[in-house]
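Residue numbers (our numbering): 3 to 147. From the three backbone atoms N, C-alpha and C, an ideal C-beta is built for every residue, glycine too. None of these values were measured; they are calculated from a predicted model. Step one of this worksheet: look at the structure below.
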């Protein structure tokens with residue numbers, strides 16, 4: 003049996019009783035496998051990481067976040083199970099389109115964190131974009147099927 007080093011992410015109170023511990027050699031692999039088991043298709047935005055690094059002055063931070071590695075590992079696990087990774091075009095205006103009425107806002111700055119629409123839709127900008135990416139992914143999938 004091999005010794006296991008343990009790293010506590012938060013202190014365990016003496017009042018608590020430890021019931022189970024998950025030990026894995028490759029936690030990222032388990033994460034991707036669980037996504038691949040849970041969904042038949044996963045929709046993501048095809049981001050231009052090089053453009054983001056230079057254009058937004060984010061530099062090395064964009065490359066260090068591992069989004070490219072995340073996508074390649076996820077795609078591998080999905081393909082292994084006969085499932086799909088759907089990449090939505092980077093120019094699709096996911097943040098500017100209302101996820102309820104589909105009307106597109108012409109002006110929307112990065113500082114606008116809440117999306118407001120004339121139809122009454124009010125939601126977090128990223129949540130609105132996520133719904134739009136999912137809907138666009140479904141449309142792309144239907145065209146290919």
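Cβ-based burial, residue i [other Cβ within 10 Å; buried from 16]
{"i": "residue 144", "result": "exposed"}
{"i": "residue 138", "result": "buried"}
{"i": "residue 121", "result": "exposed"}
{"i": "residue 100", "result": "buried"}
Proximity of residue i and residue j at Cβ, strictly below 9 Å
{"i": "residue 42", "j": "residue 92", "result": "no"}
{"i": "residue 135", "j": "residue 90", "result": "yes"}
{"i": "residue 80", "j": "residue 87", "result": "yes"}
{"i": "residue 34", "j": "residue 69", "result": "no"}
Residues of its chain near residue i, where Cβ-Cβ distance is below 6 Å and the 5 sequence neighbours each way are ignored
{"i": "residue 98", "result": "106, 107 and 110"}
{"i": "residue 132", "result": "none"}
{"i": "residue 140", "result": "none"}
Whole-Å CB distance - residue i paired with residue j, under 8 Å assumed
{"i": "residue 126", "j": "residue 142", "result": "Wrong, their Cβ atoms sit about 24 Å apart, outside the cutoff."}
{"i": "residue 37", "j": "residue 73", "result": "Not quite, the Cβ-Cβ distance comes to about 12 Å (not below 8 Å), so this is no contact."}
Span of the beta strand (DSSP E), counted from its first residue to its last, around residue i
{"i": "residue 140", "result": "No beta strand (DSSP E) holds residue 140; the alpha helix (DSSP H) holding it covers 127 to 146."}
{"i": "residue 45", "result": "43 to 47"}
Contacts around residue i, its chain only, beta-carbon distance under 8 Å, and the 5 residues preceding and following it disregarded
{"i": "residue 82", "result": "38"}
Span of the alpha helix (DSSP H), counted from its first residue to its last, around residue i
{"i": "residue 81", "result": "69 to 82"}
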